[in-house]
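S.K.: Positions in the sequence shown are counted from 1; adding 56 to them yields our numbering.
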Amino acid sequence: MTESFASPSLTIEQINLTYDGWQDRLVLRLRTRDSSLAELGLTRRLTKHLLPALLKLAGGAVLAPDAATRQELLAYEHQETVAAGDFASVFNEDGLDLFEGKSFLIAEAKLSALAENHGWRIDFLDREGRGMHLNVDKKMLHGIIKLFNSILPTTGWDFPAAEVGGAMTSAGRVTH
Numbered sequence: 057m058t059e060s061f062a063s064p065s066l067t068i069e070q071i072n073l074t075y076d077g078w079q080d081r082l083v084l085r086l087r088t089r090d091s092s093l094a095e096l097g098l099t100r101r102l103t104k105h106l107l108p109a110l111l112k113l114a115g116g117a118v119l120a121p122d123a124a125t126r127q128e129l130l131a132y133e134h135q136e137t138v139a140a141g142d143f144a145s146v147f148n149e150d151g152l153d154l155f156e157g158k159s160f161l162i163a164e165a166k167l168s169a170l171a172e173n174h175g176w177r178i179d180f181l182d183r184e185g186r187g188m189h190l191n192v193d194k195k196m197l198h199g200i201i202k203l204f205n206s207i208l209p210t211t212g213w214d215f216p217a218a219e220v221g222g223a224m225t226s227a228g229r230v231t232h
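(1) Looking at the structure shown, is H174 part of a helix, part of a strand, or coil, going by DSSP?
(2) Classify I162 as helix, strand or coil using the three-state DSSP reduction.
(3) Which two residues bound the contiguous beta strand (DSSP E) that contains G212?
(4) What separation, rounded to the nearest whole angstrom, lies between the Cα atoms of E184 and L84?
(5) Shortest alpha-carbon distance to L96 belongs to which of T74, D90, H174 and H105?
(6) Express the C-alpha separation of R87 and G187 in angstroms, rounding to a whole number.
(7) Are the beta-carbon atoms belonging to I162 and L98 less than 8 Å from one another?
(8) Where I200 and A171 are concerned, what is the direct C-alpha to C-alpha distance, given to the nearest angstrom?
(9) Could you check what DSSP says for T103 in three-state terms: helix, strand or coil?
(10) Around the Cβ of T103, are there at least 16 other Cβ atoms within 10 angstroms (buried) or fewer (exposed)?
(11) Who pairs with L82 in a beta bridge, going by DSSP?
(12) Look up G185 in the DSSP assignment and say whether it is helix, strand or coil.
(13) How long is the line joining the alpha carbons of P216 and D193, rounded to whole angstroms?
(14) According to DSSP, simplified to helix, strand and coil, what is S206?
(15) Enumerate in chain order the residues of its own chain whose CB-to-CB distance from R100 is below 6 Å, with the five nearest sequence positions on each side excluded.
(16) What does the alpha-carbon distance come out to for the pair R177 and R81?
(17) Taking the C-alpha atoms as reference points, what is the distance between A169 and D179?
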């Protein structure tokens with residue numbers, strides 16, 4: 057059973073991804089329009105499986121008659137979306153902390169498609185099955201992939217560069 061710490065109606069205003077070298081994990085920080093804050097810890101092992109799953113979701117969002125055309129259209133869509141995003145603004149840390157100052161260590165991420173092509177839902181769960189979910193559209197998905205591409209080279213994790221594309225998929229499960 058999933059215990060949600062954030063209401064499904066919350067709208068994400070800012071996302072920030074940093075690397076915590078002391079704990080050797082990524083820290084995903086979310087800020088909602090109602091000024092709620094959440095901090096999620098992503099381990100190397102989870103990230104190793106989560107990023108390819110996100111890339112596959114992005115690849116499945118582009119309809120094209122063949123794989124090569126789909127790959128080109130997806131790369132163009134990714135560049136356009138990232139160019140329109142705001143990656144320069146400083147993350148606003150003022151607000152109500154949903155986890156009371158503690159980083160919520162993620163053990164599993166479940167990916168599923170939302171109805172009628174309205175994006176995807178990512179459920180972030182800890183080992184006890186508690187967690188929160190994030191509804192993402194194409195724009196947010198590409199922004200998240202951009203954040204991973206920007207921070208992974210600083211981790212020393214030796215991940216290959218994430219390329220947007222891949223097989224069509226609508227759901228998946230990533231475990232730590």
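We treat Cβ as the ideally placed atom computed from N, Cα and C, and that holds for glycine. Nothing here was measured: the structure is a model prediction, and the numbers come from that model.
M.R.: On the basis of the coordinates in this document:
(1) The residue given as residue 174 occupies position 118 in the sequence shown. Three-state DSSP puts H174 in coil, outside helix and strand.
(2) For the purposes of this step, residue 162 is identified with residue 106 of the sequence shown, where counting begins at 1. Coil, per DSSP.
(3) In the sequence shown, counting from the first residue as 1, residue 212 sits at position 156. Looking at the DSSP string, G212 is not in any beta strand (DSSP E), and its letter there is neither H nor E.
(4) The residue labelled residue 184 in the question sits at position 128 within the sequence shown. The residue labelled residue 84 in the question sits at position 28 within the sequence shown. C-alpha separation (whole angstroms): 20 Å.
(5) Here residue 96 refers to the residue found at position 40 of the sequence shown. Comparing Cα positions, the closest option is T74.
(6) Along the sequence shown, one-based indexing puts residue 187 at 131. Along the sequence shown, one-based indexing puts residue 87 at 31. Each residue's Cα considered, the two are about 16 Å apart.
(7) Position 106 of the sequence shown, counted from the first residue, corresponds to residue 162. Position 42 of the sequence shown, counted from the first residue, corresponds to residue 98. Yes, the pair counts as a contact, with Cβ atoms nearer than the cut-off.
(8) Along the sequence shown, read from residue 1 onward, the residue named residue 200 stands at position 144. Along the sequence shown, read from residue 1 onward, the residue named residue 171 stands at position 115. Distance between the alpha carbons of I200 and A171 is about 21 Å.
(9) Counting from 1 along the sequence shown, the entry for residue 103 is found at position 47. Helix, per DSSP.
(10) Numbered from 1 along the sequence shown, position 47 holds the residue referred to as residue 103. By the neighbour-count rule (16 or more Cβ atoms within 10 Å), T103 is buried.
(11) Residue numbering aside, residue 82 sits at position 26 when the sequence shown is read from its first letter. L82 pairs with Y75 and L98.
(12) To locate residue 185, count along the sequence shown from 1; it is residue 129. Three-state result, G185: coil.
(13) By 1-based counting over the sequence shown, the position of residue 216 is 160. By 1-based counting over the sequence shown, the position of residue 193 is 137. Those two C-alpha atoms are separated by around 25 Å.
(14) Position 150 of the sequence shown, counted from the start, is the residue given in the question as residue 206. Looking at S206 - three-state DSSP - the assignment turns out to be helix.
(15) Walking along the sequence shown from the start, residue 100 turns up at place 44. Excluding positions up to five away in sequence, the list reads W213.
(16) Your numbering for residue 177 matches position 121 in the sequence shown. Your numbering for residue 81 matches position 25 in the sequence shown. Straight-line Cα distance between these residues: approximately 22 Å.
(17) Sequence index remark: in the sequence shown, residue 169 carries index 113 (1-based). Sequence index remark: in the sequence shown, residue 179 carries index 123 (1-based). Going from the Cα of A169 to the Cα of D179 covers about 11 Å.
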